[in-house]
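Input: a single structure, listed below in structure tokens.
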Amino acid sequence: MAQLEALIFDVDGTLADTERDGHRPAFNQAFEEAGLSWRWSVADYAELLTVTGGKERIAYFMQRHLPEFKPPGDVQAFIADLHRRKTAHYLRLLREGHIPLRPGVKRLLDEARAAGLRLAIATTTTPENVSQLLEATLGRESIAWFEVIGAGDVVPAKKPAPDIFVYALEKLGLDAAVCMAFEDSQNGLLSAHGAGLSTIVTTNDYTQAQDFQAAVLVVDQFGEPDQPFTLQRGEAQGAQYVDIALIRRLLAA
Ligand code: XBP
Ligand code: MG
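Going by this note's numbering, 118 is the number at position 117 of the sequence shown; the sequence numbering is gapless.
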């Protein structure tokens with residue numbers, strides 16, 4: 002039977018609710034700074050989130066919603082400039098402490114480390130965003146808890162392609178059968194599942210109505226002993242929060 006060796010985490014929506022009050026306002030601040038009247042509302046952003054990656058999201062928005070718009074100069078350079086500005090605003094929001102970890106994340110990471118499990122990250126977001134989130138929430142030393150941080154453009158095809166999870170597995174030197182992935186979105190689940198990984202999904206407002214049939218467990222949060230999760234799909238086997246014992250049982254099932 003496969004013995005659990007590593008946990009591979011998505012970042013946005015899984016470790017922290019970064020999208021609505023982090024990435025989204027950072028895009029809007031970049032647009033304003035660049036003299037553009039574009040603004041993405043909380044509702045608009047639900048559709049835009051179906052495209053992973055900030056640069057890809059801006060490109061999709063321009064094609065889908067502003068087909069007549071012609072940027073000055075090269076379109077890729079225009080998008081890259083907007084995205085650089087966006088990243089600077091997002092990093093500032095993180096540094097200022099606006100974005101906390103989701104319930105149960107710190108406890109689960111502490112338990113995993115105490116149990117000698119290996120940790121990795123597989124995300125479409127920009128690498129600096131990951132290190133800044135970890136530093137702001139868990140302290141600078143926490144960056145080193147993760148043996149592999151697979152992020153952003155390190156693979157050409159972003160989620161739902163499996164590439165970023167395949168990258169993390171290759172860097173860990175592990176078979177998918179001994180790892181559990183953690184995701185919050187259908188694109189993320191498709192990516193992890195495509196890499197052969199069992200996956201636990203924690204939903205949020207933007208993703209709760211998505212299709213998570215391929216997940217081994219779907220809950221609204223990792224939860225805490227005094228803050229149980231709500232089970233949305235799968236067998237929690239009597240557990241009220243996601244801990245290492247539950248992850249081991251789900252992997253073995
Ligand atoms: C997260 C994303 C990211 C962020 C933006 O997807 O889609 O693109 O919204 O990050 P997932 P960048 O959680 O599935 O990895 O602007 O840095 O690309
Ligand atoms: Mg996510």
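We put the beta carbon where it would ideally sit given N, CA and C, even for glycine. Since this is a predicted model, take the numbers as computed values, not measurements.
Within its own chain, the residues whose Cβ lies closer than 6 Å to the Cβ of Arg58, once the five positions on either side in sequence are excluded, are Leu49 and Val52, listed in chain order. Residues Pro161, Thr208, Gln211, Asp212 and Phe213 of the same chain have their beta carbon placed closer than 8 Å to that of Gln187, with the five preceding and five following residues left out of the count. If you look at Phe183, you'll find it in the beta strand (DSSP E) that goes Cys180 to Glu184.
Put simply, the backbone Cα of Phe70 is about 45 Å away from that of Leu110. The beta-carbon separation of Ala123 and Ile165, rounded to 4 Å, stays under the 8 Å limit for a contact. Rounded to whole angstroms, the separation of the alpha carbons of Pro157 and Lys172 is 16 Å. Taken from the Cβ of Thr15, at least one heavy atom of ligand 2 lies inside 7 Å. If you look at Leu135, you'll find it in the alpha helix (DSSP H) that goes Pro128 to Leu139. DSSP, read as helix, strand or coil, puts Glu225 in strand.
Under DSSP, the beta-bridge partners assigned to Val220 are Thr203 and Leu232.
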